[in-house]
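A.B. asks: Let me begin by handing over the structure; questions about it come next.
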Amino acid sequence: MEIGPLSEWVTAIAEIAAVCVALFLPYFEKVREKRKNNRNMKLIFKKLIEGSLRDNNTKSLESYFKIAYLASDDENDQQLLSVVRHAIEIIKDDKMSSSQKNDAIQEILAFLSE
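So that you can map any letter, position 91 of the sequence shown is 91 in the UniProt record's numbering, and since no number is skipped, the others follow by simple counting.
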């Protein structure tokens, strides 16, 4: 049995590699894009939460939260939005002292920094 010339084997391996790249590259790009979007959302929410705690005003945080909630399509986004909703409730809570709010928000900010 003859296995053929080396050039045909190299061509066949190159074609298989091209097919694999064509099949899996869109998947990896989508995963990378989701990670990037999640990271960006965490950074934006972190800055908005810090500003809302400093100013004791959640208006801009709530506006961005509503927009992000409507645009979210990922389970990781839903988890992040649940944490942000909790931060909004903490900042709006008048029964908590300022130090209690700061401690609770610092835990949330630590989560957002991951």
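Yeah, the Cβ is synthetic: ideal placement off N, Cα and C, and Gly gets one too.
These numbers come from a predicted model, not from an experiment.
CB leucine 53 to CB isoleucine 105, shorter than 8 angstroms?
C.D. replies: Along the sequence shown, read from residue 1 onward, the residue named residue 53 stands at position 53. Along the sequence shown, read from residue 1 onward, the residue named residue 105 stands at position 105. Closer than 8 angstroms, so yes.
A.B. asks: Anyone know if the C-beta pair for lysine 42 and leucine 80 falls short of 8 angstroms?
C.D. replies: As a working mapping, residue 42 is identified with position 42 in the sequence shown. As a working mapping, residue 80 is identified with position 80 in the sequence shown. Yes; because the gap between Cβ atoms is below 8 angstroms, this pair is in contact.
A.B. asks: Just reading off the alpha helix (DSSP H) that asparagine 37 is part of, what are its end residues?
C.D. replies: Counted from its first residue, the sequence shown places residue 37 at position 37. Its alpha helix (DSSP H) spans residues 6-55.
A.B. asks: Just checking, does the region 83-100 make contact with the region 53-72 on the three C-beta pairs under 8 angstroms criterion?
C.D. replies: yes
A.B. asks: Out of Ser98, Asp103 and Lys34, state which residue places its alpha-carbon closest to the alpha-carbon of serine 72.
C.D. replies: As a working note, residue 72 is residue 72 in the sequence shown. Checking every option, the nearest Cα to that of serine 72 belongs to Lys34.
A.B. asks: Excluding the 5 residues preceding and the 5 following isoleucine 49 in the sequence, name in chain order all residues of the same chain whose CB lies nearer than 8 angstroms to its CB.
C.D. replies: Along the sequence shown, read from residue 1 onward, the residue named residue 49 stands at position 49. Contacts found: Leu61, Val84, Ala87, Ile91, Ile105, Ile108, Leu109 and Leu112.
A.B. asks: Just confirm the distance between the C-beta atoms of asparagine 38 and aspartate 77, as a whole number of angstroms; I'd bet it's less than 8 angstroms.
C.D. replies: Here residue 38 is taken as the residue at index 38 of the sequence shown, counted from 1. Here residue 77 is taken as the residue at index 77 of the sequence shown, counted from 1. Right, the Cβ-Cβ distance comes to about 7 angstroms (below 8 angstroms), so this counts as a contact.
A.B. asks: Just verifying my parser: in three-state terms, what is the DSSP assignment at serine 63?
C.D. replies: By 1-based counting over the sequence shown, the position of residue 63 is 63. Looking at serine 63 - three-state DSSP - the assignment turns out to be helix.
A.B. asks: Relative to the C-alpha of lysine 30, which residue among Asn102, Ser98, Asp74 and Ile13 is closest?
C.D. replies: For this step, residue 30 is matched to residue 30 along the sequence shown. Cα-wise, what sits closest to lysine 30 is Asp74.
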